[in-house]
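A.B. asks:
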Amino acid sequence: MLLWYTTKTIFLICPSSQKRGSSIMIYLESVLKTQSRRLKPVNSANLSGHVVSAITIMDNTNVRQWLRGGEIVLSGSHTLPTEQNQLQELLSQLKISQACCLIIKCVTSPISSQKFSNILLEEDVLPIFKMSSNITYLELMNDVNMMLFKDRQVNRLAELDLEHLLRTDKPRDSDFDYISSVKSIDLYKQNACVIQITLTSQTNLNHRIHDLFTLSRQLHAIFSSFITNRILSSYFVLENSDGATMILFTGSKLESDVSLLHHLQLSSQVKISNQALYIGISTLHPARELHKCYQEAVFSIKMAQIFNYKNTVTKFNDVAVWSLIEGIQESASLELTTQRLKEVLKNQDLFKTLKLFFQNNESIKKTSQQMFTHPNTIRYRLKEIKSQTGLDYQKTDDKFRLYIAVITQTLAHANN
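Quick note: the sequence shown uses the numbering used here, first residue 176, plus one each step.
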């Protein structure tokens, strides 16, 4: 018979911004530095990149019901399953559900049995530690929660500064003082890039919390490695209910963004089960122009959503012309072009054909494949557009006017 403690999880709950919440997280390695006398490793699992979001006492084996991701899980040795297959299943579920680690309080000595030890010593399971029986759960939980609280306070203050910097076009040196002190780097002298990631699917609350934690954990692991490899000087991950905004700082004086983008292969490195992602990235600007990075990333996400660019990075450089047109779409000349194409824009087949024709770099073959129709049908529709408007897609001036009209109409639909 299995016995389980019936105590409750202790989470640190703090108020958060409506628009963007702070990340209440510390790293497992930081916890271990303060608890080295109390905790001894049982296996040699990799400790890097493990994020702590809470600390909890396990009260039942159905971990999917109560585990959200990132928890330090506490359990007495006498409450663990004694059957080998049950123990293996429990450890597997803890790892799948992204528990940070398992800490076993040695009340009895099942750890001494050979079968038990072999399972716990496996390196592909989550990190496992043991604590002495004379240490109480409350002592350890108090220490971890205090670390979480301090981290939350530091992050919240940094977040307030970043909120200001993302939105002001006239930052002062002093605006960077606090976040520079947090990272021990003069961020004002750095170059910056902003990335936005948005989840494409709406899920229930429990699944969304799990997906957001998975996203945050992967981003921290990726960007931490970039700092280790001197690709980045520092970074911040600001979470929200739909995804996250990343602010990256680099001291490199890159002639272009190609080098940085080469490393930021986020579409292949960030994976969430049953979720696709929209990813928008700004160009690289001096940190004093952080607001410009933010505007570019926001617009890139907007275009990714309009064109349904899932699981691929939408770079601002690739959609900059759309931003330009959006800024001048009230002009008289643009209005004249739009009126000239009014009937074409009302015809769904003609408009979609023209839009996909430009989207596929004027390839009739690719456009016909995407629309599941014959290439001759595409040619006929393009000729029909020329007949109705007098604009020839093969002439540069006319092509430009057609392209502007497509951009204007697409943005108008998106804004409505």
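The beta carbon of each residue, even a glycine, is placed where N, CA and C say it ideally should be.
This one's a predicted model, so the numbers in the text were calculated from it and none came from an experiment.
Could you work out which residue in Leu452, Ser448, Ile354, Ile230 is closest to Ser408 when comparing CA atoms only?
C.D. replies: Comparing Cα positions, the closest option is Ile354.
A.B. asks: Please list the terminal residues of the continuous beta strand (DSSP E) segment that includes Ala367.
C.D. replies: First-last of the beta strand (DSSP E) with Ala367: 366-374.
A.B. asks: Does His588 pass the burial test, meaning 16 or more other C-beta atoms within 10 Å, or should it be called exposed?
C.D. replies: Its Cβ having fewer than 16 others within 10 Å, His588 is exposed.
A.B. asks: Between the segment 247-263 and the segment 334-347, are three or more C-beta pairs nearer than 8 Å?
C.D. replies: Touching, no.
A.B. asks: Excluding the 5 residues flanking Lys477 on each side, which residues of the same chain have their C-beta closer than 8 Å to its C-beta?
C.D. replies: Closer than 8 Å at the Cβ level, and outside the excluded window around Lys477, lie Gly455, Ala589.
A.B. asks: Candidates Ala367, Leu265, Ser359, Ser250: which alpha carbon is nearest Leu315's?
C.D. replies: Nearest of Ala367, Leu265, Ser359, Ser250 to Leu315, Cα basis: Ser250.
A.B. asks: For His339, count the other beta carbons within 10 Å of its own beta carbon; 16 or more makes it buried, fewer makes it exposed. Which is it?
C.D. replies: With fewer than 16 other Cβ atoms within 10 Å, it is exposed.
A.B. asks: Tell me, please, whether the segment 226-233 touches the segment 377-397 by the rule of three or more beta-carbon pairs shorter than 8 Å.
C.D. replies: The segment 226-233, when compared against the segment 377-397, does touch it at the 8 Å Cβ threshold.
A.B. asks: By alpha-carbon positions, which one of Glu559, Ser562, Lys530, Ser543 ends up nearest to Ile579?
C.D. replies: Ile579 has its Cα closest to that of Lys530, out of Glu559, Ser562, Lys530, Ser543.
A.B. asks: Between the segment 455-464 and the segment 364-378, do three or more beta carbon pairs fall short of 8 Å?
C.D. replies: Touching, yes, given that three or more Cβ pairs across the two stretches are closer than 8 Å.
A.B. asks: Select from Asn309, Ser376, Ile278 the residue whose C-alpha is nearest the C-alpha of Pro302.
C.D. replies: Out of Asn309, Ser376, Ile278, Ile278 has the C-alpha closest to the C-alpha of Pro302.
A.B. asks: Which class does Val445 belong to by DSSP, given the choice of helix, strand or coil?
C.D. replies: Coil, per DSSP.
A.B. asks: Please tell me whether Lys305 and Val217 are closer than 8 Å, where the distance is taken between their beta carbons.
C.D. replies: Their beta carbons are under 8 Å apart, which means Lys305 touches Val217 by this criterion.
A.B. asks: Count the other CB atoms, across all protein chains shown, that sit within 10 Å of the CB of Gly565; report buried if there are 16 or more and exposed otherwise.
C.D. replies: With fewer than 16 Cβ atoms within 10 Å of its Cβ, Gly565 is classed as exposed.
A.B. asks: For Trp241, which residues in the same chain have their Cβ closer than 6 Å to its Cβ, ignoring the five residues on either side in sequence?
C.D. replies: Excluding residues within five positions, none has a Cβ falling inside 6 Å.
A.B. asks: Pull up the CB-CB distance for Ile560 and Thr542, whole angstroms please, since I reckon it's below 8 Å.
C.D. replies: Going by Cβ atoms, the distance from Ile560 to Thr542 rounds to 13 Å, so no, they are not a contact pair.
A.B. asks: Given that a residue counts as buried once 16 or more other Cβ atoms are within 10 Å of its Cβ, and exposed if not, what is Asp493?
C.D. replies: Exposed, because fewer than 16 other Cβ atoms sit within 10 Å of the Cβ of Asp493.
A.B. asks: Do Phe526 and Gln584 come within 8 Å of each other at the CB atom, strictly closer than that value?
C.D. replies: The answer is yes: Cβ separation under 8 Å.
A.B. asks: With DSSP collapsed to three states, give me the class of Pro216.
C.D. replies: The answer is strand: DSSP assigns Pro216 an E or B state.
A.B. asks: What is the C-beta distance between Val248 and Thr231, in whole angstroms, given that I count them as a contact (C-beta under 8 Å)?
C.D. replies: Contact holds; Cβ gap of about 6 Å.
A.B. asks: I believe Asp326 touches Gln210 by the beta-carbon criterion, under 8 Å. Please report the beta-carbon distance rounded to the nearest angstrom.
C.D. replies: With 8 Å as the limit, Asp326 and Gln210 do not qualify as a contact, their Cβ atoms being about 16 Å apart.
A.B. asks: Report the rounded CA-to-CA distance for Asn449 versus Leu387, giving the unit in angstroms.
C.D. replies: Computed Cα separation, rounded: 13 Å.
A.B. asks: Mark Thr311 as exposed unless 16 or more other C-beta atoms lie within 10 angstroms of its C-beta, in which case mark it buried.
C.D. replies: So Thr311 ends up on the exposed side.
A.B. asks: Which residues mark the beginning and the end of the alpha helix (DSSP H) in which Ala274 is found?
C.D. replies: Element bounds for Ala274: n/a, residue is neither H nor E.
A.B. asks: Inspect the beta-carbon positions of Ile447 and Leu390 and report whether they are closer than 8 Å.
C.D. replies: Yes; because the gap between Cβ atoms is below 8 Å, this pair is in contact.
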